Amino acid sequence: LPDPPFTPVDIAEPEAEVAIPLIPEAPPQVEKITSAPARRRIPLWSLLPVTAVVVAAVAVPLLWKQNAPAAEPAPVVAQAPEPVVLPAPADLPKLTAGLPLHQADVVKAKEEKVEEKTKPADEPVVIAAIPKDALVMDAGQLKAGTTKFLNGSWRVLVDIKDPTGKAPSLRYQIQNNKGTARVVHGSNIVCRAEIFSGLHQNGELMIKSRGTARCADGSRYPMPEISCKAGTSDVAQCTGRYDAKTIVPLTLKKTGA
403 LPDPPFTPVD
413 IAEPEAEVAI
423 PLIPEAPPQV
433 EKITSAPARR
443 RIPLWSLLPV
453 TAVVVAAVAV
463 PLLWKQNAPA
473 AEPAPVVAQA
483 PEPVVLPAPA
493 DLPKLTAGLP
503 LHQADVVKAK
513 EEKVEEKTKP
523 ADEPVVIAAI
533 PKDALVMDAG
543 QLKAGTTKFL
553 NGSWRVLVDI
563 KDPTGKAPSL
573 RYQIQNNKGT
583 ARVVHGSNIV
593 CRAEIFSGLH
603 QNGELMIKSR
613 GTARCADGSR
623 YPMPEISCKA
633 GTSDVAQCTG
643 RYDAKTIVPL
653 TLKKTGA
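If you're matching positions, the sequence shown starts at 403 in my numbering and goes up one per residue.
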């Protein structure tokens, strides 16, 4: 290849430097800042006693409440049971070494046989017939307060004897609670007395005399005070009272109207 053509280059000369005078700068003025007076620092070790006192003042009451002993209930004293005194065992008989000993046999006690009592068969109830001449105290009349069943003639059988050994004979004639009594005693001595009858509040029949009986020989004969109660089948059960110590059973039998 052919070389390129050479071209001349003009190099400019450097310009002469112009000297600029230096102006000295004023030194910067430092402004004085007035700061607040510094606080006095308290060392931490000096605060430890105060803190300890405060903590102790708060903690001591709490610890006192927690550690305070709770009120314990009064102990219950159990009563000791009374000692049971056992009787001293009886002294056993001493065995003689010389006798031959053998094992005892168990003997069963004989069982007692209980005999069963046979129940009696139910017996029929027998109602005794009422004698025709018996004194029957009618329940209806007793309730009504009347004694019509006593009207008529009656023979009084008394379980008593006079000095001669004979029982006196008494005959009553009653009509509407009034009547007469005839007594024969001893050697056929006849005595007479007035009598009357009535009902007691308890339903008891009473037959009394107005004093002693007058006898044909001029003597007096005591008359019994008769009291009767209704018994079985309303048949009268009577007793005769001569005095406080003499009370005898008697029976009334009807002899006529």
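We put the beta carbon where it would ideally sit given N, CA and C, even for glycine.
Nothing here was measured: the structure is a model prediction, and the numbers come from that model.
Each residue's CA atom was taken as its position, placing I591 and K563 some 14 angstroms apart. Excluding its 5 nearest sequence neighbours in each direction, G605 has C-beta neighbours in its own chain below 6 angstroms: L544, listed in chain order. A Cβ-Cβ distance of about 7 angstroms is found for the pair K655 and L559, placing them in contact under the 8 angstroms criterion. Spatial neighbours of E596 in its own chain (CB-CB distance under 7 angstroms, excluding positions within 5 residues in sequence) are listed in chain order as T582, S611 and R612. A distance below 8 angstroms between beta-carbons, with the five flanking residues on each side excluded, links N579 to the following residues of its chain, in chain order: T549, L552, F598, S599 and G600.
For the segment 531-610, the full-length beta strand (DSSP E) segments reaching 3 residues or more read 554-560, 571-577, 580-587 and 591-601 along the chain. Residue nearest to H587 within the set L607, Q603 and P624 is P624 (criterion: CA-CA distance).
For D535, same chain residues with a beta-carbon under 6 angstroms away, outside a window of 5 residues either side, are K655 and K656 in chain order. Under the three-state reduction of DSSP output, A638 falls in the strand class. In this structure I628 touches I609 by the C-beta definition: roughly 4 angstroms separates them, less than 8 angstroms.
Taking C-alpha positions only, T614 is separated from T641 by approximately 18 angstroms.
T653: member of the beta strand (DSSP E) spanning I649 to G658, first to last residue. Beta-bridge annotation (DSSP): S629 is paired with M608 and T641. In the DSSP secondary-structure assignment, A615 is bridged to Y623. Around the beta carbon of P651, a 10 Å sphere encloses fewer than 16 other beta carbons of the protein chains shown; the residue is thus reported as exposed. By the neighbour-count criterion, in which 16 or more other beta carbons inside 10 Å mark a residue as buried, P565 falls on the exposed side.
Non-local C-beta neighbours of Q639 in its own chain, meaning closer than 6 angstroms and more than five positions away in sequence, comprise K631 and G633, ordered along the chain.
Shown here for A618: same chain residues with a beta carbon closer than 7 angstroms to its own, the five before and five after excluded, namely I591 and V592 in chain order.
Counting other Cβ atoms within 10 Å of its Cβ, P533 stays below 16 and is therefore classed as exposed. The three-state reading of DSSP puts A459 in helix, counting H, G and I together. One thing to note: A659 has its Cβ no nearer than 7 angstroms to the Cβ of G547. Cβ-Cβ distances below 6 angstroms link L572 to V558 and V585 in the same chain, with the five nearest sequence neighbours on each side left out; the list follows chain order.
Closest option to A541, judged by alpha-carbon separation, among K568, T453 and D636: D636. Residues of the same chain with a CB within less than 6 angstroms of the CB of Q577, apart from the 5 flanking positions on each side, are N553 in chain order. Distance from R616 to R594 at the Cβ level is roughly 6 angstroms; contact confirmed, criterion being Cβ atoms closer than 8 angstroms.
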